[in-house]
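Enquirer: Residue numbers (the working numbering), protein chains in the order written: chain A, 23 to 344; chain L, 5 to 151.
Think of the CB as a built atom: it goes at the ideal place given N, C-alpha and C, for glycine as much as any other residue.
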Ligand code: SF4
Ligand code: SF4
Ligand code: SF4
């Protein structure tokens with residue numbers, strides 16, 4: 023997989039189709055590949071594509087698509103939804119991009135590998151359905167399936183909604199997984215005080231590092247309200263206990279109807295706060311109230327919260343549905 | 005501090021559209037229709053001017069209930085503002101419910117400039133609804149660090 027992608031990237035750089043390549047390279051360890059821009063054939067030797075390439079590169083294309091010449095970018099199926107959404111919002115210049123669609127078998131969550139009892143991990147090798155974990159205390163194995171990110175368990179499917187060419191190892195037919203809203207439904211079935219206690223426990227861990235916002239492809243505002251000193255919401259979390267939850271409600275609400283459920287926010291949160299539950303609540307409400315909608319599926323439809331019909335449900339539906 | 009619900013008066017913030025419900029409130033006043041003085045009216049140019057932060061801030065600053073009043077669908081002074089407000093408030097209220105905040109603390113009502121009676125009745129009903137819930141604690145210090 024990786025060798026094929028490197029060879030294609032080198033060829034496209036050499037024939038001048040693209041001026042640079044946006045991909046992943048090895049991070050501080052073997053299991054935290056990070057986004058990187060490659061401008062020469064030699065530097066591409068550091069290119070990595072493995073189970074730890076969870077990072078969605080779409081957001082980086084906002085800047086790269088404004089540079090001189092085309093940028094080659096590798097996108098997984100779920101990443102293409104974010105990319106499309108950014109085209110819809112006029113944030114990416116499509117003419118300056120070249121997309122190679124890459125296949126994905128579910129990305130790995132190092133925290134799950136650690137939680138399985140592996141300490142001082144040195145490297146993780148993927149061999150089919152098995153992970154070979156090399157640690158300072160010896161070697162171990164675990165089933166790959168047990169270590170995939172939660173978001174991959176409810177994968178939207180193998181289809182890429184936008185691309186210029188497909189890598190050889192894609193599976194466009196891979197079906198979407200069931201049960202995306204199960205966790206949301208479970209919370210909905212709880213009593214309000216139980217839900218409040220649940221969220222209190224989750225959100226009170228937030229350290230307001232802003233990683234969830236910074237990684238989010240839908241959070242592409244040039245000046246976020248939480249950074250804008252002219253607005254009374256800017257960086258207040260340290261001074262007021264209220265601001266933290268306000269941050270989460272407002273951020274989730276700002277991306278409602280635009281969030282593709284790419285799962286990056288939950289992946290990067292250092293406190294493992296299940297932010298995807300906030301987004302999926304909005305998605306399931308939008309589906310229920312205004313009809314099925316998947317952000318990023320196309321580049322033309324109007325987002326549900328910037329749209330209306332004259333016979334929309336009234337806000338009292340929230341009370342009436344019990 | 006324990007509080008007896010019969011002596012406690014809920015504080016209500018009412019965002020009222022300038023073109024309809026604000027005038028409706030005026031009419032209620034000049035027609036001597038009673039609604040409690042604890043309703044604090046904030047005049048907005050349109051119901052869709054109300055950003056979700058307004059609602060959350062009102063709770064943070066001590067409101068026990070927040071109500072938004074605008075023109076009846078189809079009657080917006082700016083043609084479509086209230087249609088957007090309707091979607092925004094529906095999704096926001098549903099999210100607050102999801103977070104465990106009592107759903108009877110928020111409400112939207114469409115009140116025209118001619119509906120002084122409806123304005124006063126709406127406010128009285130909403131206050132009753134909030135009174136039953138008691139003081140707002142969940143949204144006042146919504147983080148409520150666990151001890
Ligand atoms: S809110 Fe989270 S899931 Fe939604 S687009 Fe942003 S990072 Fe992705
Ligand atoms: S939180 Fe809101 S204002 Fe900030 S970047 Fe995200 S969408 Fe933009
Ligand atoms: S990434 Fe997690 S800890 Fe950081 S601001 Fe977001 S929710 Fe809070």
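With 8 Å set as the bound, which would you pick, yes or no: does the beta-carbon of residue 87 of chain L sit closer than that to a beta-carbon of chain A?
Expert: Working through the second chain from its first residue, we reach residue 87 of chain L at position 83. So yes, residue 87 of chain L belongs to the interface.
Enquirer: Is the Cβ of residue 128 of chain L closer than 8 Å to any Cβ of chain A?
Expert: Here residue 128 of chain L refers to the residue found at position 124 of the second chain. No, residue 128 of chain L lies away from the interface with chain A (no Cβ there is under 8 Å from its Cβ).
Enquirer: Out of A:183, A:159, A:338, which has the shortest C-alpha to C-alpha gap to residue 193 of chain A?
Expert: As a working mapping, residue 193 of chain A is identified with position 171 in the first chain. Closest option to residue 193 of chain A, Cα to Cα, is A:183.
Enquirer: What does a CB cutoff of less than 7 Å around residue 84 of chain A pick up in its chain, not counting 5 residues either side in sequence?
Expert: As a working note, residue 84 of chain A is residue 62 in the first chain. Contacts found: 108, 113, 114, 242.
Enquirer: How about the segment 215-231 of chain A and the segment 185-205 of chain A: do they share at least three Cβ pairs that are nearer than 8 Å?
Expert: Touching, no, given that fewer than three Cβ pairs across the two stretches are closer than 8 Å.
Enquirer: Checking 8 Å against the spacing of the C-beta atoms, do residue 66 of chain A and residue 122 of chain A come in under that value?
Expert: In the first chain, counting from the first residue as 1, residue 66 of chain A sits at position 44. In the first chain, counting from the first residue as 1, residue 122 of chain A sits at position 100. Their beta carbons are not under 8 Å apart, which means residue 66 of chain A does not touch residue 122 of chain A by this criterion.
Enquirer: Work out the CA separation of residue 44 of chain A and residue 96 of chain A for me, nearest whole Å.
Expert: In the first chain, the residue the question calls residue 96 of chain A occupies position 74. In the first chain, the residue the question calls residue 44 of chain A occupies position 22. Computed Cα separation, rounded: 7 Å.
Enquirer: Cβ of residue 298 of chain A within 7 Å of any heavy atom in ligand 2?
Expert: Counting from 1 along the first chain, the entry for residue 298 of chain A is found at position 276. No, the Cβ of residue 298 of chain A stays beyond 7 Å of every heavy atom of ligand 2.
Enquirer: What separation, rounded to the nearest whole angstrom, lies between the Cα atoms of residue 105 of chain L and residue 215 of chain A?
Expert: For this step, residue 105 of chain L is matched to residue 101 along the second chain. For this step, residue 215 of chain A is matched to residue 193 along the first chain. About 8 Å.
Enquirer: So, at 8 Å on beta carbons, what are the nonlocal neighbours of residue 42 of chain L in its own chain, with the 5 sequence-adjacent residues on each side left out?
Expert: By 1-based counting over the second chain, the position of residue 42 of chain L is 38. The residues are 13, 14, 15, 16, 131.
Enquirer: Of all Cβ atoms in chain L, is any one closer than 8 Å to the Cβ of residue 292 of chain A?
Expert: In the first chain, residue 292 of chain A corresponds to position 270, counting from 1. Chain L contact via Cβ: absent.
Enquirer: Check whether the Cβ of residue 301 of chain A sits closer than 7 Å to any heavy atom of ligand 1, and report yes or no.
Expert: The sequence position of residue 301 of chain A within the first chain is 279, counting from 1. Yes, ligand 1 has a heavy atom inside 7 Å of this Cβ.
Enquirer: Please confirm whether residue 268 of chain A has its beta-carbon closer than 8 Å to some beta-carbon of chain L.
Expert: Locating residue 268 of chain A in the first chain gives position 246, where the first residue counts as 1. Interface residue, yes.
Enquirer: Among L:58, L:68, L:114, which one has its Cα closest to the Cα of residue 108 of chain L?
Expert: Taking the first residue of the second chain as 1, we reach residue 108 of chain L at position 104. Minimum Cα distance to residue 108 of chain L is reached at L:68.
Enquirer: Cβ of residue 292 of chain A within 7 Å of any heavy atom in ligand 3?
Expert: In the first chain, residue 292 of chain A corresponds to position 270, counting from 1. Within the cutoff, so yes.
Enquirer: So what's residue 83 of chain L in DSSP terms, helix, strand or just coil?
Expert: Numbered from 1 along the second chain, position 79 holds the residue referred to as residue 83 of chain L. Strand, per DSSP.
Enquirer: Indicate, with yes or no, if ligand 3 has a heavy atom lying under 7 Å from the CB of residue 173 of chain A.
Expert: Numbered from 1 along the first chain, position 151 holds the residue referred to as residue 173 of chain A. No; taking the cut-off as 7 Å, the Cβ of residue 173 of chain A has no heavy atom of ligand 3 nearer than that.
Enquirer: If we count the other Cβ atoms within 10 Å of its Cβ and call it buried at 16 or more, is residue 23 of chain A buried or exposed?
Expert: Position 1 of the first chain holds residue 23 of chain A. Residue 23 of chain A should be labelled exposed.
Enquirer: Check for me: the beta strand (DSSP E) holding residue 12 of chain L runs from which residue to which?
Expert: Start at 1 with the first residue of the second chain, and residue 12 of chain L comes out as number 8. Element bounds for residue 12 of chain L: n/a, residue is neither H nor E.
Enquirer: Go to residue 120 of chain A, then tell me how far its beta strand (DSSP E) extends in each direction, as first and last residue.
Expert: Along the first chain, read from residue 1 onward, the residue named residue 120 of chain A stands at position 98. Here the beta strand (DSSP E) through residue 120 of chain A covers 119-123.
Enquirer: List the endpoints of the continuous alpha helix (DSSP H) containing residue 135 of chain A.
Expert: Translated into positions along the first chain, residue 135 of chain A becomes position 113. Looking at the DSSP string, the run of the alpha helix (DSSP H) that includes residue 135 of chain A is 132-137.
Enquirer: Any idea if residue 124 of chain A is buried or exposed, counting beta-carbon neighbours within 10 angstroms, 16 or more meaning buried?
Expert: The residue given as residue 124 of chain A occupies position 102 in the first chain. Buried is the call here.
Enquirer: Determine, using beta-carbon pairs with one atom in the segment 54-63 of chain L and one in the segment 116-131 of chain L, whether at least three such pairs fall under 8 Å.
Expert: The segment 54-63 of chain L is not in contact with the segment 116-131 of chain L.
Enquirer: Can you find the residues in the same chain that come closer than 8 Å, C-beta to C-beta, to residue 279 of chain A, ignoring five residues on each side of it along the sequence?
Expert: Here residue 279 of chain A refers to the residue found at position 257 of the first chain. 304, 308, 315, 317, 325, 326, 327, 328, listed in sequence order.
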